[in-house]
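A short write-up of the structure that comes next.
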Amino acid sequence: MKDSTINEDDPNLLVIVIDINPFEWEHPSAPLSLNEALQHILAFMNAHLAGRHDNRLAVIASHVGASKFLYPELNGPIPGGRVGTKKDANAYQVFKVVNDAVQSGIAKLLQDPRPALEERDVGSSKIAASLSLGLCYINQALKSDGMGHVRPRILVLTVSPDSSSDYIPIMNCIFSAQKANIPIDVCKIWGKDAVFLQQAAHITEGIYMKPSDPRGLLQILMFSFLPDMYSRNYLYLPGQDQVDFRAACFCHKKIVDIGYVCSVCLSIFCSFSPVCSTCRTKFAFQPLLPSARRLGAKAGASNPGSPRPSTPLPTPS
1 MKDSTINEDD PNLLVIVIDI NPFEWEHPSA PLSLNEALQH ILAFMNAHLA GRHDNRLAVI
61 ASHVGASKFL YPELNGPIPG GRVGTKKDAN AYQVFKVVND AVQSGIAKLL QDPRPALEER
121 DVGSSKIAAS LSLGLCYINQ ALKSDGMGHV RPRILVLTVS PDSSSDYIPI MNCIFSAQKA
181 NIPIDVCKIW GKDAVFLQQA AHITEGIYMK PSDPRGLLQI LMFSFLPDMY SRNYLYLPGQ
241 DQVDFRAACF CHKKIVDIGY VCSVCLSIFC SFSPVCSTCR TKFAFQPLLP SARRLGAKAG
301 ASNPGSPRPS TPLPTPS
């Protein structure tokens, strides 16, 4: 459905979250290295900035133990300014500032010693923290926009698996983005589908895509994620045939297919508890388990003392 509130002349703010998890990028079976993927992503960023003179960009790195802004840098040089950057006659200055900031920022993060991690968080990055930073930056940009014409969106480029401990923060970010009409696009470069990010793209009316061949990442970014919110009204973009709506329990932080939901605070648990550990609500009833009902039915059918019908059943002639 066409959104009539979006104008063709509105500037676009793109917040890109780049997953730089070394546990996944350095895996022997990875079809693409981080340096190769970064060249594709930089070309995509430059294409976004070249689309309109007033397009804006923000880049956030999602590391294993940290989440940090790469561009614009805090207290850094103004894009296109004379301080802190060396001009190159063979390069567009705005592109050069963005490329240098992103590459140097990722190099510094990867050179830092890896933080101590809990066993359940090994191999996962801080996607939830990066989404929170992106939403805060967008909120600040919208408040500073006096005309109210800036159209923000978020693009997540990830290779890490889901972290069940991040379920609640990610869902908070999803509902905040939905309320502010901020679509969250997700590109799962490789690996298993990200359950929580699938839900993020579905709820915020964004795009979720998992490339069949990650070596063509630039082509996928240009054709699927480069169109702005106005252009999407006239394009047939890829969507999701099926969405995994599984959740993570609040007690053990694991993804469950069937759970118990508190009727007061809507907390999810993998097993029944007479007292909700979140809001301390006490339940006076016991759950009716389907397995117990089946066992009771089987026991009654095999019991020789069970009642029989008083009238005989008619026999076929």
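In terms of the working numbering, the sequence shown opens at residue 1 and continues consecutively.
Built from N, CA and C at the ideal position, the CB exists for glycine as well.
Note that this is a predicted model, so its numbers are computed, not measured.
With DSSP collapsed to three states, give me the class of ILE255. Looking at ILE255 - three-state DSSP - the assignment turns out to be strand.
### Query
Is GLN140 buried or exposed, if buried means 16 or more other CB atoms sit within 10 Å of its CB?
Taking all protein chains in view, the Cβ of GLN140 is surrounded by fewer than 16 other Cβ atoms within 10 Å, so the residue is classified as exposed.
* Let me know the beta strand (DSSP E) ranges lying completely inside the stretch 14-68, each 3 residues or longer, listed in chain order. => 56-62
Cα-Cα separation between VAL64 and THR5, rounded to whole angstroms:
39 Å
Measure the alpha-carbon distance for ASP185 versus SER267 and round it to whole angstroms. Distance from the CA atom of ASP185 to the CA atom of SER267, rounded to whole angstroms, is 27 Å.
Check: Would you call the stretch 208-221 and the stretch 32-46 in contact, with 3 or more CB pairs under 8 Å?
Finding: yes
key: Spatial distance of ARG232 from ASN172 (CA atoms)   = 26 Å
* Would you please verify whether the beta carbon of LEU42 is less than 9 Å from any beta carbon of chain E? => The structure shown has no chain E; it contains just one protein chain.
Using a Cβ-Cβ cutoff of less than 6 Å, which residues in the same chain neighbour CYS249 once the five nearest sequence positions on both sides are dropped?
VAL256, GLY259, ILE268, PHE269, CYS270
Next item on the list: Check the C-beta distance from ILE203 over to GLN178 and give it rounded, since I have them as a contact under 8 Å.
Entry: 5 Å
Under a three-way DSSP split, which group does ARG215 fall into?
-> helix
Check your understanding: Name the DSSP bridge partner or partners of ILE154?
Key -> VAL15, ILE184
- Query: For ASP162, which residues from the same chain have a beta carbon less than 6 Å from its beta carbon, with the 5 sequence-adjacent residues on both sides left out?
  - Reply: Taken in chain order, the residues that qualify are ALA194, VAL195, PHE196.
Spatial neighbours of ALA128 within its chain, please: C-beta separation below 6 Å, excluding the five flanking residues on both sides. Cβ neighbours of ALA128 beyond the five flanking positions: ASP166, PRO169, ILE170.
Point to revise | Backbone secondary structure at LEU237 - three-state DSSP | key: coil
> Between the stretch 136-150 and the stretch 5-15, do three or more beta carbon pairs fall short of 8 Å?
Replying inline: A contact exists between the stretch 136-150 and the stretch 5-15.
On the DSSP bridge list, what partners appear for TYR71?
VAL59
| said: By alpha-carbon positions, which one of ALA47, LYS192, GLN242 ends up nearest to ILE207? | reply: GLN242
**Study point:** Sequence-distant residues of its chain with Cβ nearer than 8 Å to ASP244 (five each side left out)
**Key:** ASP193, VAL195, GLN198, GLN199
TYR71 classed as buried or exposed, judged by whether at least 16 other C-beta atoms fall within 10 angstroms: Residue environment: TYR71 is assigned as buried (16 or more neighbouring CB atoms within 10 Å of its CB, all protein chains considered).
Cut-off 6 Å between Cβ atoms - residues of its own chain near ILE390, not counting five sequence neighbours on either side: This structure leaves residue 390 out entirely; the chain is present only between 1 and 317.
query = Counting along the chain, where does the alpha helix (DSSP H) carrying CYS173 start and finish?
reply = 167-179
Item to complete: To the nearest angstrom, report how far apart GLY296 and CYS265 are at their CA atoms.
Response: Residue placement at GLY296 is flagged as unreliable, the pLDDT there being 49, under the threshold of 50; the coordinate-derived value follows with that caveat. C-alpha separation (whole angstroms): 33 Å.
Classify ALA91 as buried or exposed, calling it buried when 16 or more other Cβ atoms lie within 10 Å of its own Cβ. Counting Cβ neighbours within 10 Å, ALA91 comes out exposed, since fewer than 16 surround it.
| Which word fits HIS48, buried or exposed, when buried means at least 16 other C-beta atoms lie within 10 angstroms of its C-beta? | Around the CB of HIS48, 16 or more other CB atoms lie within 10 Å, so the residue is classed as buried.
Report task. State the Cα-Cα distance for the pair ASP54 and CYS251, rounded to the nearest angstrom. Result -> 47 Å
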